[in-house]
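Here the structure is laid out as structure tokens; the discussion comes afterwards.
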Amino acid sequence: MACNNGKAKKVMLIGLDGADPMLIRRFIDEGRLPNFKKLLEMGVVPEDLGMQGVLPTITPPNWASLATGSYPNTHGITCFWNHELGKPLDELDYGWDSNLCKSEFIWDAFERAGKKSILLNYPTSWPPTVKNSIVIDGTSIFTNLRGYSDYEKYFTCVEGDFPIEEIPHTVDTSGTDCRVDTEVTTQQAKIKPLDGFGYSKPGLVTEEGGSEEEADAAKCDKIKTPIKPATGWKNAPAGAKEVVLPVNNGNTRRFGLLIASDGKYYDTFQIYVSKNDEKPIGEAKVGCWSDFIFDTYNMNGEERPVAYKIKVTKMQADGSYMEFYYSFAQDIKNDKYFYPKEICRDLFENVGPMLQPSNYDRHNVTADTIVIESMADYYNWHEKAIAYLLDNKEWDLFYSHIHGIDMLAHYYLDYNLEQVTPDYKRYRELTARIYEISDHYVGELLKRVNDEVAMIVVSDHAAITPGMSVSECPLIGDMWGMNVGIMSELGYTKLKEVDGNLEIDWENTMKM
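All letters in the sequence shown, in the order written, are residues 0 to 511 by numbering that gives the first Met the number 0.
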């Protein structure tokens, strides 16, 4: 905790999901985290930077404990998915729901004392339990993750004449990669034989692996579209080439131009609503991001304003080939997870739209660069949004949560090990980079610490490298599988072989 005199009137809790105290100490010693170093020098901290987590050491239970002071068996949020005693074993409730919490949240106590809070994407804080405070999301790892209108995409554009090919992303609501972005509250288990990428899972009773394998899988819409000579355009430069772009979940078409800005080598991509338009709605040079592109998509018969970015990752100088990334398109007017609702418009008008972190691919330099750059953009939005909220709204308590460190641990931590990949140094740098991004974030908030404002920086858990430390995915109380290794060792669960596969022998399995 950092505070100038111990008599603060306001408190900020800064939650860094998955932050590892050992890595923080290492990167401080390497001179990479100046703001964390300053925080430690200003405040009070255990010598090893350690905190005692609660079991299970995963996101929803631990953040609920940090907001209530209760253990999971008291507050009742025990996993990503909760089972309620008396319900069918395959019926679980979404563990981020504040209605599941049986303990009082700290912001409830503040409101009872006549004080106001601002909660920014704090897990288990939604739906709001307070009336006179500000609550922004809290239903998932990333702020307003359900506020997008179109999923992220990766376009491959090839010169030729062929039908557009679209491969949609898969949806995983299990929570294995921490990312649940669909509307779910209660769900019944439906075991899937395939994971959506053509990989057939091994027997669900004794499955090995887990969340990192799920996180490695690319989860985006993949589109292949032909490059052709530009025809029928009102204002296309000489020599320009065109592509047709399916967007808005395939319901809308936009038009793109590949342009040689010097008249010889193609290096620029522009997006238009129509071939009859005088100007593009956005453009990007090869290797660069666009600014936010503002468009309007028809969704369920209603015209909705959206914002997104693109990054051109490859473009042949002769214009015969191009690849580009298309981010999640934010529905600017989607205020469902803002309380009060006018905060949504307020933030857009004063801070701007938010770029969701990318999850489109893994383990190549192009994809990993987009992952880290989009995450940095996401953190930057939070820095500006927090500054606006704390400067312009009444508050006594600020509780926040940001998920970059944990997400990149899922993606990359195992690959930090020399035993896993010869490219381990690159992955170590990616890991260090997310801590540096978090350091800048902490530094912006640290500027607010004074005689009246205290700041507490916490984490819910750290992470381990599963490939080197565990051989089984626990899957205890998880509807997507059941690993009975632990329960078998304890003598509760018995297995039997059926057609060459292990199944639970329910007749001989002990009731608990």
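Even glycine gets a Cβ: it sits at the ideal position worked out from N, Cα and C. None of these values were measured; they are calculated from a predicted model.
Check, Outcome
"Simplified DSSP assignment, three categories, for F291", "coil"
"Backbone CA spacing between S199 and N250 [nearest angstrom]", "Any answer about S199 is weak, because its pLDDT of 33 lies below 50 and its placement is not dependable; what the coordinates show is given next. Answer to the nearest angstrom: the Cα atoms are 31 Å apart."
"Spatial neighbours of A386 in its chain, beta-carbon cut-off 6 Å, leaving aside the 5 residues before and after", "none"
"Delimiting residues of the alpha helix (DSSP H) encompassing D438", "Y423 to L445"
"Endpoints, beta strand (DSSP E) assigned at A453", "V452 to V457"
"Residue burial classification, N34 (beta-carbon count within 10 angstroms, cutoff 16)", "buried"
"Beta-carbon proximity check, M374 vs P352, cutoff 7 Å", "no"
"Selection from L244, D405, T508 and E488 that minimises the alpha carbon distance to F141", "D405"
"Exposure label - Q329; buried when at least 16 CB within 10 Å", "buried"
"Start-end ranges of the beta strand (DSSP E) lying completely within the region 327-372, minimum 3 residues", "328-330"
"Three-way DSSP call (helix, strand, coil) for E110 in this model", "helix"
"Secondary structure of G231, DSSP reduced to three states", "coil"
"Minimum length 4: unbroken alpha helix (DSSP H) runs contained in the region 24-75", "33-41, 58-67 and 71-74"
"7 Å Cβ shell around Y147 - same chain, five flanking residues per side excluded", "F327, A328, Q329, D330 and Q355"
"Three CB pairs or more closer than 8 Å across the region 283-300 and the region 239-247", "yes"
"N- and C-terminal bounds of the beta strand (DSSP E) containing E165", "E164 to I166"
"Under the three-state DSSP convention, the category T205 falls into", "Caution applies to T205, whose pLDDT of 44 falls short of 50 and renders its modelled position unreliable; the model cannot decide the point."
"With 16 other Cβ atoms within 10 Å as the buried cut-off, status of P71", "buried"
"Residue span of the alpha helix (DSSP H) that contains G403, given as start and end", "G403 to Y411"
"Burial state of Y338, where buried means 16 or more other Cβ atoms lie within 10 Å", "buried"
"Best match in S487, M50, K263 and K152 for proximity to T540 [C-alpha to C-alpha]", "Absent from the structure is residue 540, since the part of the chain shown begins at 0 and ends at 511."
"Beta bridge counterpart(s) of S399 as assigned by DSSP", "I13 and L119"
"CB contact flag (A52, H460, <7 Å)", "As written in the sequence, residue 52 is Gly, which differs from the Ala given in the question. Yes, the Cβ-Cβ distance between G52 and H460 is below 7 Å."
"Inter-residue spacing [alpha-carbon to alpha-carbon] between P20 and V134", "29 Å"
"Enclosing alpha helix (DSSP H) for S487 [first to last residue]", "G484 to E488"
"P192 versus E83 - alpha carbon distance", "Interpretation of P192 is limited by its pLDDT of 35, a score under 50 that renders its predicted location unreliable; no figure is taken from the coordinates."
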